[in-house]
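Have a look at the structure below before the remarks.
In this note's numbering, the protein residues as written are 2 to 59.
Here's what the structure looks like:
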């Protein structure tokens, strides 16, 4: 979870289990890896995080 702190308030791209891919600004998270993503856009359709990629300098 400490790793996620450096992504706070940054635009990121997240690939989720089930083939879902979303982009938006990370505003928060909890110990269960639930994410709060602002201005979120789902890039595909198909629930745990398998990849995070910063779209801005961290």
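Even glycine gets a Cβ: it sits at the ideal position worked out from N, Cα and C.
Nearest neighbour of residue i, chosen from the options [CA to CA]
{"i": "residue 42", "options": "29, 30, 14, 8", "result": "14"}
{"i": "residue 9", "options": "22, 3, 23, 28", "result": "28"}
{"i": "residue 7", "options": "17, 33, 26", "result": "26"}
{"i": "residue 4", "options": "34, 17, 24", "result": "34"}
As assigned by DSSP and simplified to three states, the class of residue i
{"i": "residue 6", "result": "helix"}
{"i": "residue 56", "result": "coil"}
Cα-Cα separation, residue i to residue j
{"i": "residue 22", "j": "residue 58", "result": "20 angstroms"}
{"i": "residue 56", "j": "residue 19", "result": "22 angstroms"}
{"i": "residue 31", "j": "residue 44", "result": "23 angstroms"}
Start and end residues, beta strand (DSSP E) containing residue i
{"i": "residue 27", "result": "22 to 30"}
{"i": "residue 16", "result": "12 to 17"}
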